[in-house]
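Note sheet for the following structure.
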Amino acid sequence: MAHKHPEDFSKILDDLISELDIIEKSGIEIFSKIENSFSYPCQISSIAAELSTLLAAIQHFESRARSNGITSLCTTSDQVDTTSTTNTPMTKQKLTTMIEERKTAAEELAKESKRIADNARAELLG
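If you read the sequence shown in our numbering, its first letter stands for residue 1484, the second for the next number, and so on.
Take a look at the structure:
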């Protein structure tokens, strides 16, 4: 993975962002259903099934990111190969910023999905 061009990483990141958007929308829908369940009752089994699907999507996202080497990219400037011509289309700073933004988004999504899972489990357990 160390020999991929920035364009390849950019495409992979774009694909992962698209997948993350779908995961986020799914999480928002589930959270909204749970939040509105006091006004509009819904089946707990339905929420649990959607939550399981969401957690599977998150695991797939994580494994896909790892398999594409996204989590192994270095983010410190002294580790970036400054002599490589492949760094010219996308500067080190832009790549570092993109990676940090993606990591932050993934961490926030993981926290939110854990919170939703905990809430759903609490509902299921009574």
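Beta carbons are placed, not taken as given, at the ideal position from N, Cα and C, and that holds for glycine.
| Check | Outcome |
| --- | --- |
| Can you have a look at Asp1561 and say buried or exposed, based on whether 16 or more other CB atoms are within 10 angstroms of its CB? | For Asp1561, the predicted model reports a pLDDT of 44, less than 50, meaning its position is unreliable and no value from the coordinates is stated. |
| Evaluate Ile1619 with the Cβ neighbour count: other Cβ atoms within 10 Å of its Cβ, from every protein chain shown; 16 or more gives buried, anything less gives exposed. | There is simply no residue 1619 to check, as the chain begins at 1484 and stops at 1609 in what is shown. |
| Could you give the residue range of the alpha helix (DSSP H) that holds Ser1596? | Lys1575 to Leu1608 |
| Excluding the 5 residues flanking Asn1602 on each side, which residues of the same chain have their C-beta closer than 7 Å to its C-beta? | Ile1517 |
| State the Cα-Cα distance for the pair Lys1594 and Pro1524, rounded to the nearest angstrom. | 26 Å |
| Over the uninterrupted alpha helix (DSSP H) stretch that includes His1543, give me the two end residues. | Ile1527 to Ser1550 |
| From Phe1544 to Ser1522, what distance separates their C-alpha atoms? | 33 Å |
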